[in-house]
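First residue of the sequence shown? That's 383 in the numbering used here, and the numbers climb one at a time after it. Every residue gets a Cβ at the ideal spot worked out from N, C-alpha and C, and that includes glycine. Every value quoted in this text rests on a predicted model; they were computed, and no experiment measured them. Reviewing the structure listed below.
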Amino acid sequence: MKSFSMQGAKILATGSAVPTSCFHNHDISKIVQTSDQWIVTRTGIRERRLLTGIDKSIITLAVTASINALNKVSMDASQIDLIILATSTPNDLFGSASQVQSKIGAINAVAFDLTAACSGFVLGIVTASQFIQNGSYRNVLVVGADSLSKWIDWSDRSTCILFGDAAGAVIIQACSEADNSILDFQLNTDGNYSSCLSISYQEEIRPHPILNLYQGSFKYIAMNGKEVYKFAVSQVPLSILKCINSLNLSINDIDWLLLHQANERILMAVAEKLSISSDKIISNLSKYGNTSAASIPLALDEALQQNKIAHNDIIVISGFGAGLTWGTVVVQWK
Ligand code: ACO
């Protein structure tokens, strides 16, 4: 019988992984009509890592990122109770989390996938912290991993310039209530705009001759860039304000703004709307592009490696993307 007393949750360790193959904007301009200047000006992206070669999937990246995180705190994978794999690009429609569980040897962990596109990692942290704060689990591994390169129409210049492949992982651990570092969250979904960003399922024209049953396959990523841009710049600041207001924090209390790495202009516009100084923005998208559910843990891991984040710093983390889904989680780094 579990005790459902409230307890704290804190991020114990982070890890990340990117493919070795690096493609500069100049490489992309050889396959579609675009230029380094256009891409940098409109997005801030200069290069991205892509999973090339056969037999490579998000599993390859998710496993490396998870092992990196475990190694940082010398934790054995058998101590993990739950694995949440945030991804929209599993290598199995039934889910890929169990393959990560098996490959890292997390023999005691239950594992499941969470699909919420670029908001997946934020939803993953929130879900993990619920399991920890109510006393159900002690150690939870949250992985954000995506390989949108497999779902891009590489002849569509409006989308193929944006995305890269990566994985990031965090281990969230139970702690005393006083050490709780996941302070609050705010989540939203508006399905009315789902067609703005989708990888939709398309049925074949001909049904099965006897069963009248249609089967099909998934299409490439389709995006209304302007609508997604407007949505992000208008809704993300509101989500952040609701979240910090509920904690009685002010804008000045924010040490770091860690947004989903979609577009440099979106990061700057959100910071500007909130009057947050641009030197508080954590950004690495020039090197990796938009890596969907991986972008936040990848940037967090890099910022920690660069010793940017100090004890007790307030980090405002916001994800946004297909669904449309968006949300904020406020973390005090311990
Ligand atoms: N290279 C050169 N020209 C291009 C390219 C390209 N790669 N792509 C489009 N263009 C052209 C268009 O054809 C258009 O030409 P026209 O004026 O002759 O018709 C012109 O450039 C302007 O195109 P817009 O689409 O209006 O460009 P915009 O300034 O809106 O920038 C962009 C496009 C970068 C996609 C922007 O809208 C954006 O960043 N939106 C947000 C997208 C995003 O973040 N998506 C991910 C969300 S997260 C998730 O869940 C996956």
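DSSP-derived helix/strand/coil call for residue i
i: Asp535; result: coil
i: Leu505; result: helix
i: Phe386; result: Any reading at Phe386 is ruled out, since the residue's pLDDT is 46, under 50, leaving its predicted position unreliable.
i: Gln415; result: coil
i: Glu718; result: Beyond the ends of the chain as shown, which are 383 and 716, falls residue 718; an answer cannot be given.
i: Ala653; result: helix
i: Asn490; result: coil
i: Asn453; result: helix
i: Trp715; result: coil
i: Asp635; result: helix
i: Ile421; result: helix
i: Phe613; result: helix
i: Gln568; result: strand
i: Leu629; result: coil
i: Phe513; result: helix
i: His642; result: coil
Alpha-carbon to alpha-carbon, residue j and residue i
i: Met605; j: Ser501; result: 16 Å
i: Leu565; j: Ser511; result: 10 Å
i: Leu682; j: Ile413; result: 32 Å
i: Ile587; j: Asn645; result: 37 Å
i: Glu439; j: Val552; result: Here the sequence assigns Ser to residue 439, which means Glu is not the residue at that position. Looking at the two C-alpha atoms, the distance is approximately 20 Å.
i: Phe386; j: Cys578; result: At Phe386 the pLDDT is 46, less than 50, meaning the model places this residue with poor confidence and gives no usable figure here.
i: His406; j: Arg430; result: 7 Å
i: Arg428; j: Ser700; result: 23 Å
i: Lys601; j: Ala614; result: 24 Å
i: Ser674; j: Ala527; result: 8 Å
i: Met457; j: Thr707; result: 33 Å
i: Gly709; j: Leu467; result: 18 Å
i: Ser616; j: Ser665; result: 20 Å
i: Leu432; j: Lys669; result: 12 Å
i: Gly506; j: Ile626; result: 20 Å
i: Ala498; j: Asn594; result: 32 Å
Where residue i falls, given that 16 or more other Cβ within 10 Å makes a residue buried
i: Asn672; result: buried
i: Val455; result: exposed
i: Ala395; result: buried
i: Trp536; result: exposed
i: Asp547; result: buried
i: Lys384; result: With a pLDDT of 45 at Lys384, under the threshold of 50, the predicted position of this residue should be treated as unreliable, though the coordinate-derived value follows. Exposed, since its Cβ has fewer than 16 Cβ neighbours within 10 Å.
i: His642; result: buried
i: Ser677; result: buried
i: Asn634; result: exposed
CB-CB length for residue i against residue j, believed under 8 Å
i: Lys662; j: Asp637; result: 7 Å
i: Ser563; j: Gln714; result: 5 Å
i: Ser576; j: Gly705; result: 6 Å
Any C-beta of chain B under 8 Å from that of residue i
i: Arg647; result: Checking the listed chains, one finds no chain B in this structure; it contains a single protein chain.
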